[in-house]
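Student: Protein chains in written order, with numbering that gives the first Met the number 0: chain C, 0 to 385; chain S, 0 to 248.
Cβ atoms here follow ideal geometry from the backbone N, Cα and C, with glycine treated the same way.
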Amino acid sequence: MHFGLSEEQNMIVDTVRGFVEKEIYPHENKVEELGYVPQEIADDIKSKVLNMGFYAPNFPEEVGGGGLNHLEFALLERELGRGSMALTHFWGRPQNILMACEGEQIERYLTPAIKGERMDALAMTEPDAGSDIRSMKTFAKKDGSDWIINGTKHFISGAAHADFVIVFIATGEDDTPKGPKKRITCFLVDRGHPGFEIKPGYKSLSHRGYDNMILTFDDCRIPNSQVLGEVDGGFEVMNTWLYATRITVATMSVGRARRVFDYALQYAVDRKQFGQQIGKFQGVSFKLADMITEIDAADWLTLASAWRLDEGLEANREIASAKVYASEVLARVTDEAIQIHGGMGLMNDLPLERFWRDARVERIWDGTSEIQRHIISRDLLRRLGG
Amino acid sequence: MKILVPVKRVIDYNVKVRVKADQSGVELANVKMAMNPFDEIAVEQAIRFKEAGAADEVIAVSIGPDQSQETIRTALAMGADRGIHVQASHDTEPLAIAKILKAIIAKEEPGLVIMGKQSIDDDSNQTGQMLATLTGWPQATFASNVEIKDNVLNIIREVDSGLEHITCPMPAVITVDLRLNEPRYASLPNIMKAKKKPIDQISLDDLGVDASQRLKTLKVEEPPAREAGIMVDSVPLLVEKLKNEAKVI
Ligand SMILES: Cc1cc2nc3c(=O)[nH]c(=O)nc-3n(C[C@H](O)[C@H](O)[C@H](O)COP(=O)(O)OP(=O)(O)OC[C@H]3O[C@@H](n4cnc5c(N)ncnc54)[C@H](O)[C@@H]3O)c2cc1C
Ligand SMILES: Cc1cc2nc3c(=O)[nH]c(=O)nc-3n(C[C@H](O)[C@H](O)[C@H](O)COP(=O)(O)OP(=O)(O)OC[C@H]3O[C@@H](n4cnc5c(N)ncnc54)[C@H](O)[C@@H]3O)c2cc1C
Chain C
0 MHFGLSEEQN MIVDTVRGFV EKEIYPHENK VEELGYVPQE IADDIKSKVL
50 NMGFYAPNFP EEVGGGGLNH LEFALLEREL GRGSMALTHF WGRPQNILMA
100 CEGEQIERYL TPAIKGERMD ALAMTEPDAG SDIRSMKTFA KKDGSDWIIN
150 GTKHFISGAA HADFVIVFIA TGEDDTPKGP KKRITCFLVD RGHPGFEIKP
200 GYKSLSHRGY DNMILTFDDC RIPNSQVLGE VDGGFEVMNT WLYATRITVA
250 TMSVGRARRV FDYALQYAVD RKQFGQQIGK FQGVSFKLAD MITEIDAADW
300 LTLASAWRLD EGLEANREIA SAKVYASEVL ARVTDEAIQI HGGMGLMNDL
350 PLERFWRDAR VERIWDGTSE IQRHIISRDL LRRLGG
Chain S
0 MKILVPVKRV IDYNVKVRVK ADQSGVELAN VKMAMNPFDE IAVEQAIRFK
50 EAGAADEVIA VSIGPDQSQE TIRTALAMGA DRGIHVQASH DTEPLAIAKI
100 LKAIIAKEEP GLVIMGKQSI DDDSNQTGQM LATLTGWPQA TFASNVEIKD
150 NVLNIIREVD SGLEHITCPM PAVITVDLRL NEPRYASLPN IMKAKKKPID
200 QISLDDLGVD ASQRLKTLKV EEPPAREAGI MVDSVPLLVE KLKNEAKVI
């Protein structure tokens, strides 16, 4: 058992932390106010990260990525998690699933995504298909060597800045003893392709400036060469490449919780009531003790799940535990940090109300807390024939 | 040409420094340490000279305990080529540091030493000047702009009366000011390469330098707590208070 980081890993953590503190924090209030990231700030972040050789760190070096393993990538995202998601979006981490690109898809999608020339977004969710992704209605019908797509996706993050989307679409249906079951295929669709539109989405409580968008397909005709992976093989590419992405939510939650905790800790020392520091009241100090205990637990749980992936061990249940626990710890920590700040915690003079709002989505996206608990319990019960 | 860049491990500038209970110094246990920010600027300048073709090799040297090697690795991750670590106590005094650097200069024969004008822990602002004196090299302190042209340094210095433009032959000692440049972040490829770059270990005995303490720290205290400010409602009142109460004008 070895719990320390290597010198390189420490340097990665320090470098990313330093970058987030100097290049992200100073723009956060502006993004909150405006509700979007000014283009010149986005470009500046992106070009700095490209210069640092830190863009697309999650991709192997052979294809031009940073070559980090799962643990190192989790450490990097933990530090990014401290900053506003609207801004850290431009520290590009394209979807791993692009590794499934083949032939000319490599030049058109994989390589430019890694070089920061084209940005991606990933679309599964539909108004009538959230947790139950297989019930999706967006459908692609074969027409010669083309596909004709109709339907709507919503809540699609990153699509506002995306040059292309990776989208999961039903391509058929099988009759099974449990009823009809959709076959799913993954497609690559370019912004501006006829019949395809990226439209403004809803105004979200969480992560102002990190927009969610609506995608519409209206008799959108695309050639078979846009299929990523195999036709009807959508779940295979999903399971191969999207398995690890829940670690992102867990580790970013941990990073943000640590930032929030530091505000609470400092305030407990600075604020005096009844003639003493409020941190001297057990009602406050025990909150701090519980907060840091839970944050450390979430951190280790998350890093351990990433480590399991690097070791080639089964990690589905562990990743689900990390995702549900870290996102719920973040919710408690942001809430208690506001409590410790009293009335000032609610005011937007401090970023705590923002952290509290931002925390809310972490229990919903990338699989709700209920779905994670379902994954965890199924994994355990199935072994006993449950 | 080789450039020698001394880098010091100090308490991270974000950390709120605390005095030890026995007042013998400041608390270093469990405190985040980092490269002295002025030294980062010096490393950046050295790398820029190398990138511009004015230097062939950048050598980062740190004098201190084992952990000083982390500071050297940081310089290597920014782009320095190799490191030298001289094992010594954390509170080695400026004069001893200058003597150690002089001994290293004798071995390495660099064309330039670029260093921070001071370190943010002791704020001595002496080492560069002492090194120049010991080596007999010219010194260009508080540099906010540096250029090498036809083997001569063109330097702009930040002084109280404004900006001073000087030229200076080489080899020389430059000490850098805050506004010289904005140090780069370590790049991911350089972080991964840093481990493979060599760090030579040299002992004080190898160098034949006596680094024993000449100063004795009697006591370290917290600065007095700042008193709450007051609001004044007019400029004449402000002037009156500055004159008679604060006695600063
Ligand atoms: C801001 C934002 C950005 C997003 N970005 C993306 C994106 O980029 N790409 C993308 O494809 N999707 C994205 N999503 C979609 C996100 O993944 C879904 O919101 C999430 O999977 C839940 O689906 P739903 O919102 O339709 O809720 P539903 O699935 O309708 O769930 C409603 C409630 O029912 C519960 N529930 C559902 N099924 C079960 C069950 N079997 N057992 C117990 N409880 C159950 C849920 O836990 C939840 O409490 C985003 C969502 C948001 C809010
Ligand atoms: C939107 C809003 C409207 C308001 N309107 C009014 C108004 O109209 N009129 C008015 O007079 N006030 C008003 N208030 C003030 C409100 O009553 C105070 O915010 C509240 O009493 C808490 O005081 P505080 O915010 O200064 O927090 P603090 O008293 O500084 O408390 C900070 C933290 O320390 C804890 N703490 C403090 N003392 C102890 C102790 N002895 N033991 C354990 N824990 C302790 C608190 O529980 C809290 O977690 C308003 C506040 C808000 C946010």
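Tell me residue 215/C's beta-bridge partners as DSSP assigns them.
Tutor: Paired residues: 151/C and 196/C.
Student: Is DSSP giving residue 166/S helix, strand or coil here?
Tutor: Strand.
Student: Could you tell me whether any Cβ in chain C is nearer than 9 Å to the Cβ of residue 190/S?
Tutor: So, interface residue.
Student: So is the beta-carbon of residue 192/C under 8 Å away from any non-hydrogen atom of ligand 3?
Tutor: Ligand 3 is not part of this structure, which contains only ligand 1 and ligand 2.
Student: Taking Cβ-Cβ distances below 9 Å as the criterion, which residues of the stretch 180-207 of chain S are in contact with chain C?
Tutor: Cβ contacts with chain C: 183, 184, 185, 186, 187, 188, 189, 190, 191, 193 and 194.
Student: Within the same chain, show all residues whose beta-carbon is closer than 8 Å to that of residue 359/C, passing over the 5 residues directly before and after it, in chain order.
Tutor: Correct list, in chain order: 204, 205 and 330.
Student: Bridge partners of residue 222/C, per DSSP?
Tutor: Paired residues: 145/C.
Student: Cutting at 8 Å between CB atoms, please list the residues of its own chain near residue 4/S, excluding the five before and the five after it.
Tutor: Only 38, 41, 42, 45, 57, 58, 59, 60, 74, 79, 112, 113 and 114 meet the Cβ criterion.
Student: At the level of alpha carbons, what is the spacing between residue 213/S and residue 119/S?
Tutor: Rounded to whole angstroms, residue 213/S to residue 119/S spans 21 Å at the Cα level.
Student: For residue 17/C, which residues in chain S fall below 8 Å Cβ to Cβ?
Tutor: Near residue 17/C (Cβ distances below 8 Å), the residues of chain S are 184.
Student: For the candidate residues 111/C, 78/C, 104/C and 86/C, whose alpha-carbon lies nearest to that of residue 93/C?
Tutor: Closest option to residue 93/C, Cα to Cα, is 111/C.
Student: Quick one, which residues of the stretch 18-52 of chain S are near chain C if we go by CB-CB under 7 Å, in chain order?
Tutor: Those residues of the stretch 18-52 of chain S that come within reach of chain C (Cβ to Cβ, closer than 7 Å) do not exist; the list is empty.
Student: Which of the three DSSP states is assigned to residue 294/C in this structure?
Tutor: Helix, per DSSP.
Student: Closer than 9 Å, CB to CB, is residue 87/C near chain S or not?
Tutor: No, because no Cβ of chain S sits closer than 9 Å to the Cβ of residue 87/C.
Student: With a threshold of 9 Å between beta-carbons, can residue 6/C be considered close to chain S, or not?
Tutor: So yes, residue 6/C belongs to the interface.
Student: Starting from residue 173/C, trace the beta strand (DSSP E) both ways and give me its first and last residue.
Tutor: Note, residue 173/C: beta strand (DSSP E), 163-175.
Student: Which of the three DSSP states is assigned to residue 205/S in this structure?
Tutor: Residue 205/S: helix per DSSP, three-state reduction.
Student: Nearest chain C C-beta to residue 69/S closer than 9 Å, yes or no?
Tutor: So, interface residue.
Student: Pick from 1/C, 345/C and 87/C: whose alpha carbon is nearest that of residue 18/C?
Tutor: The candidate whose alpha carbon is nearest that of residue 18/C is 87/C.
Student: Who's in the neighbourhood of ligand 2, going by beta-carbon under 7 Å from any heavy atom, listed in chain order?
Tutor: The answer, residue by residue, is 270/C, 272/C, 273/C, 277/C, 280/C, 282/C, 283/C, 338/C, 339/C, 340/C, 341/C, 342/C, 343/C and 345/C.
Student: Show which residues of chain C have a CB atom less than 8 Å away from the CB atom of residue 72/S.
Tutor: Result: 6 and 10.
Student: Measuring only from the beta carbon, is residue 67/S closer than 8 Å to any heavy atom that is part of ligand 1?
Tutor: Checking the Cβ of residue 67/S against ligand 1 gives no.
Student: Between the beta-carbon of residue 63/S and the beta-carbon of residue 7/S, is there less than 9 Å?
Tutor: The answer is yes: Cβ separation under 9 Å.
Student: Do we get a CB-CB distance below 9 Å when we pair residue 127/C with the residues of chain A?
Tutor: In the structure shown, chain A does not exist; the protein chains are C and S.
Student: Hey, out of 7/C, 72/C, 108/C and 270/C, whose CA is closest to residue 68/S's CA?
Tutor: Minimum Cα distance to residue 68/S is reached at 7/C.
Student: Run the proximity test for residue 124/C: is its beta-carbon closer than 8 Å to any non-hydrogen atom belonging to ligand 1?
Tutor: For ligand 1, at least one heavy atom lies less than 8 Å from the Cβ of residue 124/C.
Student: Determine, using beta carbons only, whether residue 97/C and residue 165/C come nearer to each other than 9 Å.
Tutor: In contact: residue 97/C and residue 165/C (Cβ atoms closer than 9 Å).
Student: Output the distance between the C-alpha atoms of residue 382/C and residue 147/C, rounded to the nearest integer angstrom.
Tutor: Approximately 42 Å, taken between the alpha carbons.
Student: What are the partner residues of residue 114/S, as DSSP defines its beta bridges?
Tutor: Answer is 174/S, bridged to residue 114/S.
Student: Quick one: what's residue 184/C bridged to in DSSP?
Tutor: According to DSSP, residue 184/C bridges with 168/C.
Student: Closest to residue 168/S by C-alpha separation, out of 231/S, 138/S, 233/S and 178/S, would be which residue?
Tutor: Measuring from the Cα of residue 168/S, the nearest candidate turns out to be 138/S.
Student: By how many angstroms is the C-alpha of residue 245/S removed from the C-alpha of residue 412/C?
Tutor: Shown here, chain C extends from 0 to 385; a query on residue 412/C therefore has no answer.
Student: Taking Cβ-Cβ distances shorter than 9 Å, what residues in chain C pair up with residue 279/S?
Tutor: An answer regarding residue 279/S cannot be provided, because it is not within the stretch 0 to 248 covered by chain S.
Student: Is it the case that the Cβ atoms of residue 160/C and residue 305/C are separated by a distance below 9 Å?
Tutor: No, these two residues do not count as a Cβ contact at 9 Å.
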